[in-house]
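A short write-up of the structure that comes next.
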Ligand code: AMP
């Protein structure tokens with residue numbers, strides 16, 4: 003695996019590979035890699051000839067009171083994992099490369115970038131869209147792999163790709179979970195043992211909702227029940243909502259069936275750790 007820090011060199015590597023007829027996949031990450039990230043890499047390796055992974059802890063997607071400084075950065079362990087998987091290039095730019103002195107440009111996505119995460123993390127998706135656009139320029143791949151766990155992010159990225167006519171196909175991959183159902187996340191490392199024991203109940207709420215949905219219960223009742231259930235267990239629930247997965251429009255109080263599939267979006271805090279999860283529901 004070649005470690006590349008310079009965007010121009012990275013672009014050249016990908017360009018040479020693609021002009022030789024090879025398909026290139028790209029997995030953007032913030033490092034602290036786990037089996038969820040690995041599943042994106044494996045999917046890329048299945049579908050492409052070469053895979054590039056980026057590791058960049060993007061400062062502009064963290065709010066002032068968020069965990070940017072303490073975000074885990076086990077860089078050499080991450081490199082060893084990617085090397086074992088068979089990744090061809092690791093793109094690891096530094097902050098001044100991604101945000102040169104005097105930088106003054108941001109991408110602002112509306113529509114799906116409003117509400118949910120954006121309501122609790124102002125400016126987050128501007129930071130995500132901006133860094134993803136920069137990364138797509140540095141790593142001009144055929145396919146870019148994102149995780150379903152960050153569903154709103156995946157919708158925002160697809161919106162931006164469509165709106166800016168970016169020549170890349172976004173592939174969204176299923177959420178990898180721990181055996182007890184907790185969605186894998188770099189932030190799970192922040193949980194103390196008692197929080198870690200409770201955290202799978204987020205997934206528990208998704209299953210609880212799934213059963214209620216199958217019994218024909220209404221969206222409003224399901225949301226109310228699941229929020230109260232999680233709160234009763236000790237979670238601070240930021241949101242727990244059933245939405246149309248394409249538009250992210252809430253389904254509560256709406257009688258006509260959604261155009262897209264129904265999907266639960268949940269974010270809650272356990273102590274100082276904020277966790278998110280999601281599940282698609284069957285149409286009914
Ligand atoms: P991050 O390093 O948290 O920015 O995540 C990088 C990519 O990995 C994003 O596209 C995430 O959605 C994806 N990802 C994170 N956790 C998981 C998971 N448990 N399963 C699958 N993909 C994931």
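Numbering (my numbering), first residue to last: 3 to 286.
We put the CB at the ideal spot given by N, CA and C, even for glycine.
How would you write the range of the alpha helix (DSSP H) that residue 271 sits in, first residue to last?
Careful: residue 271 lies outside any alpha helix (DSSP H), inside the beta strand (DSSP E) at 264–272.
Option in 189, 34, 258 and 233 with minimal Cα separation from residue 274:
189
If you drop the 5 nearest sequence neighbours on each side, which residues of the same chain put their C-beta closer than 6 Å to that of residue 244?
221, 253, 264 and 266
Quick one: residues in its chain with C-beta nearer than 6 Å to the C-beta of residue 87, no 5 flanking neighbours on either side, listed in chain order?
43
Cα separation between residue 276 and residue 194?
13 Å
Identify every residue that forms a DSSP beta bridge with residue 149.
175
Between residue 97 and the ligand AMP, is the CB less than 7 Å from at least one heavy atom?
no
Does any residue of chain C have a CB that is nearer than 8 Å to the CB of residue 108?
Judged by its chain identifiers, the structure shown contains no chain C, having just a single protein chain.
What residue range is occupied by the uninterrupted beta strand (DSSP E) comprising residue 278?
275–282
Taking the runs of the alpha helix (DSSP H) that are 4 residues or longer, which of them lie wholly in the stretch 104–172?
119–122, 126–140 and 153–165
Helix, strand or coil for residue 192 per DSSP?
helix
Please enumerate, following chain order, all residues with a beta carbon closer than 6 Å to at least one heavy atom belonging to the ligand AMP.
31, 32, 38, 39, 41, 42, 148, 149, 151, 152, 175, 177, 178, 185, 186, 187 and 188
With a threshold of 8 Å on Cβ separation, who are the neighbours of residue 251 within its own chain once the five nearest residues in sequence on each side are excluded?
245 and 260
One or two residues paired with residue 29 in a DSSP bridge
55
Buried versus exposed, by CB contacts within 10 Å (16 or more), residue 63:
buried
So, do the stretch 43–57 and the stretch 25–35 have three or more beta carbon pairs nearer to each other than 8 Å?
yes
Please list, in chain order, all residues of the same chain as residue 256 whose beta carbon is under 6 Å from its beta carbon, the five residues on each side excluded.
none
The alpha helix (DSSP H) that contains residue 77, what's its start and end?
77–87
Which partner residues does residue 238 have in the DSSP bridge list?
271
Rounded separation between residue 3 and residue 13 - CA only:
16 Å
Taking the alpha carbon of residue 134 as the point to measure from, which residue in 172, 180 and 286 has its own alpha carbon closest?
172
May I have the straight-line CA-CA distance separating residue 269 from residue 284, to the nearest angstrom?
21 Å
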